[in-house]
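Q: Got a structure here, written out as structure tokens. Questions coming.
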Amino acid sequence: MAVDDFTQLPTEALLELIEQKRTTHHAQSALTTLLVADYLHTLPSEVRYIWPAPWSAVKILFLLTRYLAFINLFAGLSYGHSETRTLTAETCHVLLRMECMSVLATVLFAEAILFIRVYALSGRSKLLVRYLIPHFLIVHTTEFILMGYVMMNSLHPINPAVSEHIGCLAIPASPRTVELLSGVYSLFVFSGVVLLSIMIWLCYQNFGHVDMSASNLIAVFVRDGCAYFLVIASQAIANIVISLTVGQGYNIILGE
């Protein structure tokens, strides 16, 4: 049901939206704590190994991914904690666009590193790079297009008496909007599965004799790649479940 004002919602539906908003606040607080703790824990290693390293595409991508996460966090908190009587639908739309685009940009840069990792493991195979480049462009272009549709078809009902307590709250204009949002996260999983499969196959073909429990470079590549995929896949699957089950009020609560 599309609505332009909270007064058009039944009391029960409005209370449900408020509860969803409260849950989102709790999730964002937990994720903010996790991001800051991870940053502080890994900062000494970054200063020691990354800062002195020569500038390269990988170093730039790493720093973009690492620090864009804080822009993503700022956008998410600005959208999630926008409680004020003077709130307007246009302000909510702008904040939603900032959050969605920062999420996609963060994933784009992080996945670019994984693409480079797979390319390196292939021995810089020209055949493989002919597949990786179109794969990267098609997947991420599609993600931006789908997310653009989601943003354009998200409504922000405004009523000063309600908005000062819950702030911005996106409601899909139609069920198709929620399905397309799930499609964006499904692409995250699909791309990760493909890249992880290629990486495992390359390691088996070229480094089958290597002990993956050891601390050598190849073993680290494989373990880090698997860990990255599991994190991205779990977040994407969680967002798919959330977007399909929370009803009208959905948020990209795991984007950070």
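Going by the working numbering, the letters in the sequence shown line up with residues -13 to 242, in that order.
Note that beta-carbon positions come from the ideal geometry of N, C-alpha and C, so glycine has one too.
Examine the Cβ distances between the segment 137 to 149 and the segment 101 to 113 and report whether three or more of them are shorter than 8 Å.
A: Counting Cβ pairs under 8 Å, fewer than three are found: no touch.
Q: So is Tyr171 buried or exposed if we call it buried at 16+ other beta carbons inside 10 Å?
A: Against the sequence shown, residue 171 aligns to sequence position 185. Tyr171 is buried by the Cβ-count criterion.
Q: Decide yes or no for the touch test of the segment 77 to 88 against the segment 34 to 52: beta carbon pairs closer than 8 Å, at least 3 of them.
A: No contact exists between the segment 77 to 88 and the segment 34 to 52.
Q: Give the secondary structure of Leu73 by DSSP, where H, G and I count as helix, E and B as strand, and everything else as coil.
A: Counting from one through the sequence shown, the residue named residue 73 turns up at place 87. Note: Leu73 maps to coil in three-state DSSP.
Q: Considering Cα atoms alone, identify which of Glu150, Phe174, Cys154 and Pro146 is closest to Val125.
A: As a first step, residue 125 must be located in the sequence shown, where it is residue number 139. Of the candidates Glu150, Phe174, Cys154 and Pro146, the one whose C-alpha sits nearest the C-alpha of Val125 is Phe174.
Q: Touching or not, the segment 157 to 165 and the segment 173 to 187, by the rule of three or more beta carbon pairs under 8 Å?
A: Touching, no, given that fewer than three Cβ pairs across the two stretches are closer than 8 Å.
Q: For Pro158, is the classification buried or exposed, using 16 other Cβ atoms within 10 angstroms of its Cβ as the cut-off for buried?
A: For the purposes of this step, residue 158 is taken as residue 172 along the sequence shown, with counting starting at 1. The residue in question, Pro158, is buried, as its Cβ has 16 or more Cβ neighbours within 10 Å.
Q: Pull up the DSSP beta-bridge partners for Leu141, would you.
A: Taking the first residue of the sequence shown as 1, we reach residue 141 at position 155. DSSP lists Ile157 as partners of Leu141.
Q: For Thr51 and Thr92, which I take to be in contact (beta-carbon distance under 8 Å), what is that distance rounded to the nearest angstrom?
A: As a working mapping, residue 51 is identified with position 65 in the sequence shown. As a working mapping, residue 92 is identified with position 106 in the sequence shown. Between Thr92 and Thr51 the Cβ distance is about 6 Å, and since that is below 8 Å, they are a contact.
Q: Cα separation between Lys45 and Ser64?
A: Here the question's residue 45 lines up with position 59 in the sequence shown. Here the question's residue 64 lines up with position 78 in the sequence shown. Each residue's Cα considered, the two are about 29 Å apart.
Q: Under 8 Å, do Cys189 and Leu73 count as touching if we go by C-beta distance?
A: Here residue 189 is taken as the residue at index 203 of the sequence shown, counted from 1. Here residue 73 is taken as the residue at index 87 of the sequence shown, counted from 1. No, the Cβ-Cβ distance between Cys189 and Leu73 is not below 8 Å.
Q: With distances taken between CB atoms, is the gap from Leu181 to Val136 smaller than 8 Å?
A: Taking the first residue of the sequence shown as position 1, residue 181 is located at position 195. Taking the first residue of the sequence shown as position 1, residue 136 is located at position 150. No; because the gap between Cβ atoms is not below 8 Å, this pair is not in contact.
Q: Mind checking Gln245: buried by the 16 CB within 10 Å criterion, or exposed?
A: Outside the modelled stretch of the chain, which goes from -13 to 242, sits residue 245, for which no answer is possible.
Q: Using 8 Å as the threshold, is the C-beta distance between Thr70 and Glu150 below it?
A: To locate residue 70, count along the sequence shown from 1; it is residue 84. To locate residue 150, count along the sequence shown from 1; it is residue 164. Going by C-beta atoms, Thr70 is nearer than 8 Å to Glu150.
Q: Would you kindly work out how many angstroms separate the C-alpha atoms of Phe101 and Arg8, rounded to a whole number?
A: Locating residue 101 in the sequence shown gives position 115, where the first residue counts as 1. Locating residue 8 in the sequence shown gives position 22, where the first residue counts as 1. Cα to Cα, the separation comes out at about 37 Å.
Q: Out of Phe95, Leu132, Pro146 and His27, which one is the CA nearest neighbour of Arg83?
A: Against the sequence shown, residue 83 aligns to sequence position 97. Nearest C-alpha to Arg83: Leu132.
Q: Compare the beta carbon distance of Ala61 and Leu81 with 8 Å and say whether it is the shorter of the two.
A: By one-based count along the sequence shown, residue 61 stands at place 75. By one-based count along the sequence shown, residue 81 stands at place 95. In contact: Ala61 and Leu81 (Cβ atoms closer than 8 Å).
Q: I think Ile99 touches Leu47, with their Cβ atoms under 8 Å apart; what is that distance to the nearest whole Å?
A: Position 113 of the sequence shown, counted from the start, is the residue given in the question as residue 99. Position 61 of the sequence shown, counted from the start, is the residue given in the question as residue 47. Confirmed, Cβ separation roughly 5 Å.
Q: The alpha helix (DSSP H) with Arg52 in it runs from where to where?
A: One-based indexing of the sequence shown puts residue 52 at position 66. Taken as a continuous stretch (DSSP letters only), the alpha helix (DSSP H) holding Arg52 covers Ala43 to Gly66.
Q: Looking at the secondary structure, which residues open and close the alpha helix (DSSP H) in which Glu32 lies?
A: Translated into positions along the sequence shown, residue 32 becomes position 46. Segment: none, Glu32 is in no alpha helix (DSSP H) and carries neither H nor E.
Q: Where does Gly109 sit, in a helix, a strand or coil, going by DSSP?
A: On the sequence shown, residue 109 is found 123 positions in, with the first residue counted as 1. Coil.
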